[in-house]
Amino acid sequence: MIGATYRYSRTGRPVLRDVDLTIEPGRVLGVAGANDAGKTTLCLVASGMAPAVVGGRLEGSVSIDGVDAAGLAPYELAQRCGLLLQNASTQLTHTTATVFEEVAFGPCNLGLAAGEVVERVWWALRAVGIEGLAPRDPAKLSGGQGQLVALAAVLALRPKYLILDEPTTELDPAGTALVADALVRTARETGAGILLVEHKTEVLARIADQMVLLDGGSVVLAGPTADVLSDPRLPDLGVEPPVRVRLERDLRAASIELSPALREALA
Amino acid sequence: MPGAETSALELPDYVRRLPSGLYRSLSPLTKLTIAAAEAVVAFGVRGWTGPLVVLACVLASAAVASVLRRIVPFALAALPLVASILLVNTFLYPNAHDEIGRFGPLAPTWTGATAALQATLRVVSFGLSAAVFALTTPTNDLLVDLERRGLGRRGSYVVGSALEAVPRTVGRAREVAEAQRARGLDTQGSIRRRIGGILPVVGPVVFGALSEVEQRTMALEARGFTAPGPRTQLRALPDSRLQKLSRWTLLGLSLAAAAISVTGAVTVP
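Same order as they appear, the protein sequences are chains A and B.
When the letters of the first sequence are read in order and numbered with my numbering, they come out as residues 2 to 268.
When the letters of the second sequence are read in order and numbered with my numbering, they come out as residues 10 to 278.
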């Protein structure tokens, strides 16, 4: 994204302002920000869904692997840049009998040969680590499992990039850990570049290589994850730093230094 | 690892799901045609013959498909409707004077009772026909078959998600009701209280469903739903020339029977 400024239809106020962003293959770019900072809009614009599906007006440019997103149809965007939204329930079609068929939904839509569909489904399930769920009924999965199935379903289209909008919001700690581990595995095994929007800074601290902070639709902080999450301006920008950062800060304020061993344990 | 028992390109058995048994292995469209023909005959052929023939066919199909016991709850579910049909027709049939007896201002008539029983037979035979179809034809199979025959991916998805929407909406309503109860809403007790407790549940359920529409639309686009060309069909559903011929014959015969009965060209009991 270069100089991306976006307005929804029939509104004058830009929700994104002059955003420059690059997602590197095989790397995870974390995004954080307060409510209404423009994080979801960023996901929609980065994936090309805005304005292609959602409408609105985009200034600046969004290109995916050198191809201008504006010239691509939604099904072409989906094959280049996968999008996963917050609510796992809305990501599933609820018209399939097994997880296998749910993941096959996308490749079947593209009219691929049956053999290739089957091969892609197994590849996606393995990449996310959920081969064991293949025969299960998608309607009877837990929230975390449903989100993983949705992730595999998007991966089955073999996009080079993945955009994830708060995928762990509705998940408990166990589900959050499942999804976070799956993302790390996905980036490693598929080489996909991942843009991950998260409120849970612990997750970002664990898996994001680089981070940006959004405020009022603009990027106000950017850099390596550790640096961004240690920035003292985070609370003022509506983002709670991870526990480790808060603990170190409080201890430093009390003139207590952490030993290297303890620092390593907290990391 | 699941899938290891099949080659990488083979469809797992739990996806292939080939139905077994004489009736179940018919094409979903054939079973749908049978149900439609039974409905035409049950309601189109006057007198006792139509509904009795349909009932006999339904019970035979249910026996062959091994769902005889499972259709009993569907018959029982029709009892309230049956009761109202019997009462209304027996006591209030227009222009009937052959009284069975008199109970104050109410006089049941033989004509009314006959009409009531025939109507009951029609409703029950149609209901059981639909039940046999639903019990022997998975929704997914029907949608795959219809899509293969030209319904289109949009039509197939709309029908499928509409059918799945009912249990999901019921589940969501239950969650909202529990949440509202935790906030002090009284949904038990007198009829008035229960009615008053409906609106705080209906609102969130409806608005929640509407707000999901945009997310579902984007999720579908993210899965290439609007890609041009035909969708890949992974599962091969059974069909044959004989079944195709049978479908057209069955439909034709049922429509002809109804037409003959309605015009009075042939009188049957």
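All residues carry an ideal CB built from backbone N, CA and C; glycine is no exception.
Give the straight-line distance between the Cα atoms of residue i and residue j, rounded to the nearest whole angstrom.
| i | j | result |
| --- | --- | --- |
| Ala178/A | Leu260/B | 57 Å |
| Gly217/A | Thr6/A | 12 Å |
| Ala193/A | Pro15/A | 30 Å |
| Glu199/A | Ile94/B | 59 Å |
| Arg232/B | Gly159/B | 21 Å |
| Ala140/B | Thr42/B | 14 Å |
| Gly83/A | Asp228/A | 28 Å |
| Leu85/B | Thr146/B | 21 Å |
| Ser48/A | Arg225/B | 16 Å |
| Val54/B | Thr123/B | 15 Å |
| Met282/B | Thr91/A | The structure shown does not extend to residue 282/B, since chain B is modelled only from 10 through 278, so no value can be given for it. |
| Val100/A | Leu31/B | 29 Å |
| Pro28/B | Arg58/A | 51 Å |
| Glu108/B | Leu115/B | 10 Å |
| Ser64/A | Glu19/B | 37 Å |
| Val275/B | Ile269/B | 6 Å |
Any beta-carbon of chain A closer than 8 Å to the one on residue i?
| i | result |
| --- | --- |
| Phe234/B | yes |
| Glu184/B | no |
| Gly9/B | The requested residue 9/B does not occur in the structure, where chain B is confined to residues 10 to 278. |
| Glu19/B | yes |
| Pro103/B | no |
| Leu151/B | no |
| Val214/B | no |
| Leu73/B | Checking the sequence, you will find Val at residue 73/B rather than Leu. Answer no: the Cβ-Cβ gap between Val73/B and chain A never drops below 8 Å. |
| Gly12/B | Note that Gly12/B has pLDDT 39, beneath the 50 cutoff, so the model's placement of it is unreliable and the number below is only indicative. Yes, Gly12/B counts as interfacial toward chain A. |
| Pro28/B | no |
| Pro147/B | yes |
Examine chain B for any beta-carbon lying closer than 8 Å to the beta-carbon of residue i, and answer yes or no.
| i | result |
| --- | --- |
| Val46/A | no |
| Glu102/A | yes |
| Asn36/A | no |
| Gly147/A | no |
| Leu111/A | yes |
| Gln80/A | yes |
| Leu86/A | yes |
| His200/A | no |
| Thr170/A | no |
| Gly39/A | no |
| Ala105/A | yes |
| Gln92/A | yes |
| Thr12/A | no |
| Gly176/A | no |
| Val119/A | yes |
| Ala89/A | no |
| Thr97/A | yes |
| Ala115/A | yes |
| Gly194/A | no |
Which residues share a DSSP beta bridge with residue i?
| i | result |
| --- | --- |
| Pro225/A | Gln211/A |
| Arg18/A | Arg18/A is not bridged to any residue. |
| Gly34/A | Leu215/A |
| Val198/A | Val32/A, Asp166/A |
| Phe112/B | Leu115/B |
What three-state label does DSSP hand residue i in the structure shown?
| i | result |
| --- | --- |
| Val29/A | strand |
| Val67/B | helix |
| Arg11/A | coil |
| Ser64/A | strand |
| Tyr166/B | helix |
| Val104/A | helix |
| Gly192/A | coil |
| Pro11/B | Legend: pLDDT at Pro11/B = 40, less than 50; position of this residue unreliable, value from coordinates given subsequently. Coil, per DSSP. |
| Ala5/A | strand |
| Leu219/B | helix |
| Ser75/B | coil |
| Phe234/B | coil |
| Tyr23/B | helix |
| Ser16/B | Per-residue confidence for Ser16/B stands at a pLDDT of 49, beneath the threshold of 50, marking its modelled position as unreliable; no derived number is given. |
| Leu238/A | helix |
| Leu93/A | coil |
| Val220/A | strand |
| Ser263/B | helix |
| Gly83/A | strand |
| Leu35/B | coil |
| Asp138/A | coil |
Return the residues of the stretch 239-255 of chain B that lie within a Cβ-Cβ distance of less than 8 Å from chain A, sorted by chain order. Pro239, Arg240, Thr241, Gln242, Leu243
Can you pull out the residues from the stretch 216-234 of chain B whose beta carbon lies closer than 8 Å to at least one beta carbon of chain A? Glu221, Glu223, Gln224, Arg225, Thr226, Met227, Ala228, Leu229, Glu230, Ala231, Arg232, Gly233, Phe234
Taking only beta carbons into account, state which residues of the stretch 133-159 of chain A come closer than 9 Å to chain B, listed in chain order. Gly133, Leu134, Ala135, Pro136, Ala140, Ala151, Ala154, Val155, Ala157, Leu158
Residues in the stretch 48-75 of chain A having any Cβ partner in chain B nearer than 9 Å: Ser48, Met50, Ala53, Val54, Val55, Ala74, Pro75
Got a sec: which bits of the stretch 214-233 of chain A sit with their beta carbon under 9 Å from any beta carbon on chain B, in order along the chain? none
Below 9 Å between beta carbons is the criterion; list the residues of the stretch 38-54 of chain B that meet it against any residue of chain A, in chain order. none
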